[in-house]
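0 is the number of the first residue of the sequence shown in numbering that gives the first Met the number 0; add one for each residue after it. We put the beta carbon where it would ideally sit given N, CA and C, even for glycine. In what follows, a single structure is set out as structure tokens and then discussed.
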Amino acid sequence: MNGRVDIEKPNINTLFDLKDKIPIESSDFRDALNGNIITSDLSVAYFSKENIRIIQNGLRVGVYNLSKGSYIISPQNEDNLKVIMRSIFLQNSANLPNNIKEQINELNSIVLDYCIPKVYGEAKGYLTYLHDVSNLAIPMERPESSTYKTNTLQTNPFI
0 MNGRVDIEKP NINTLFDLKD KIPIESSDFR DALNGNIITS DLSVAYFSKE NIRIIQNGLR
60 VGVYNLSKGS YIISPQNEDN LKVIMRSIFL QNSANLPNNI KEQINELNSI VLDYCIPKVY
120 GEAKGYLTYL HDVSNLAIPM ERPESSTYKT NTLQTNPFI
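Structure, rendered in structure tokens:
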């Protein structure tokens, strides 16, 4: 460490202080389509807790594979994920009464195709930030003159 702050290696004693003190049990996102579309079997299954867990695991695996095994992320904020899921559902759902599993798989793949590059980029940027803040910038060398003799222009006889 030669920087302003050493945050690349967290203190073991404060590691658990970063977690929420009051864990809240998340539930299904039942009101996702309230006021837009009537609730269907597809929407109930898509916004279920199990499907959210499937997307979280797919997101973690996708970022791990994209980073070639160097980034292991924790589960992301479910509220942000639900907002993305709602947007994808409203834009891309077929709302057919049959083939619900295939429709959910298609919607999940669209969500993952959207989220994985964004989360990977954010993780990469955060690790770069940690490195930059923990290390001092190396100053540039002083400029050196290429020649020590002075060069002057020739006098112009027309002036």
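Cβ neighbour criterion (16 or more within 10 Å) applied to residue i
i    : result
L41  : buried
L89  : exposed
Q153 : exposed
L58  : buried
I54  : buried
K18  : Model confidence at K18 stands at a pLDDT of 49, short of 50, so the residue's coordinates are unreliable; what they give is reported in the following sentence. Classification of K18: exposed, given that the 10 Å Cβ count is below 16.
D112 : exposed
M84  : buried
I51  : buried
Candidates the options, of which the one nearest residue i by Cα
i    : options                : result
A44  : L58, S86, N104         : N104
Q75  : L126, Y119, T127       : Y119
V82  : F46, Y125, L135, N98   : F46
E49  : E77, I36, I72          : E77
L65  : K117, N134, Y128, P142 : K117
V110 : E143, L80, I72         : L80
Alpha helix (DSSP H) segment containing residue i, residue limits
i    : result
L89  : 77 to 91
K123 : 99 to 133
K48  : 48 to 65
L41  : 40 to 45
Integer-rounded CB distance, given that residue j should sit under 8 Å from residue i
i    : j    : result
I115 : G68  : Their Cβ separation, rounded to whole angstroms, is 15 Å, which puts I115 and G68 out of contact at 8 Å.
Y70  : A122 : 5 Å
L106 : S92  : 6 Å
S39  : N94  : 6 Å
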